[in-house]
Amino acid sequence: MKIRNLLSVLFLLAFVAGAVQARAGGSGGGGGAGALFVVTGQVQKPGPIYPGDLAKLPKTQENVTFFSAGQVVSQSFTGVLLWDLLQSVGVITTNPPKNDILRKIIVVTGSDGYEAVFGAGEISPNFGGNQIMFAYLADGQSLGAQGPVRIVAPTDKQGGRFVSAIAKIEVKDGG
Ligand SMILES: Nc1nc2c(c(=O)[nH]1)N[C@H]1C(S)=C(S)[C@@H](COP(=O)(O)O)O[C@H]1N2
Ligand SMILES: [Mo]
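If you number the sequence shown the way numbering that gives the first Met the number 0 does, the last residue is 174 and the count never jumps.
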């Protein structure tokens with residue numbers, strides 16, 4: 000192999016290794032180096048969410064007991080409310096339609112493609128008031144393979160909507 004070819008192979012390997020490391024270290028799959036996940040759809044400020052963006056929002060803590068694959072799990076989660084994050088990026092609504100916010104859904108996608116949906120009315124303080132959160136700590140520890148951020152739905156019986164390794168959230172019309 001010519002030296003020049005060898006150098007380009009080495010360069011490519013270094014690039015791929017760097018990309019893999021950046022993904023493993025800082026991202027659930029969306030938004031590039033350092034981003035936690037991306038926000039898309041009907042919001043005023045779409046784009047990547049960084050740890051600093053979450054740090055600006057009120058911190059919330061929930062003690063949650065749920066079934067995970069038939070086993071009871073109890074954990075204390077720390078994070079920010081899904082509603083507060085949506086407020087910070089601004090959900091786009093109009094009038095009419097009447098109560099447009101109640102037509103919106105939030106699709107949460109994990110880095111493995113796993114998805115679950117929440118209704119804006121379910122988490123609005125004026126309606127369901129469900130304290131669904133983006134958790135970044137469980138029992139004070141970072142989330143490892145389930146992180147950097149996962150959804151926690153404190154009143155759900157099973158963990159099915161606790162989407163781990165969030166890559167994307169998308170705000171859409173569900174109605
Ligand atoms: N990204 C992603 N999140 C996921 C899943 C998945 O397959 N992928 N499985 C869900 C299901 S069915 C359950 S019960 C819980 C399991 O959570 P645990 O790994 O903390 O026990 O994660 C949920 N979140
Ligand atoms: Mo599950």
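Each residue gets a CB set at the ideal place from its N, CA and C atoms; glycine is no exception.
All values derive from a computational prediction rather than experimental measurement.
Pairwise C-alpha distance: Gln41 and Gln74: 32 Å
As a quick exercise: from Leu35, Ser67, Asp83, pick the residue whose alpha carbon is nearest that of Lys55. Asp83
In this structure, does DSSP put Ala134 in helix, strand or coil? strand
Going by other Cβ atoms of all chains shown within 10 Å of its Cβ, with 16 needed for buried, is Ser163 buried or exposed? buried
Nearest-angstrom Cα separation, counted from Ile150 out to Glu169: 14 Å
I'd like to know if the stretch 111-120 and the stretch 135-148 are in contact, where contact means that at least 3 CB-CB pairs between them fall below 8 Å. no
Please state the DSSP three-state secondary structure of Pro50. helix
Is Gly159 near ligand 2, judged by its Cβ being under 7 Å from some heavy atom? yes
Quick one: complete beta strand (DSSP E) runs, 3+ long, within the stretch 52-133? 59-67, 70-80, 103-109, 114-118
Whole-angstrom distance between Leu81 and Ile165, CA atom to CA atom: 12 Å
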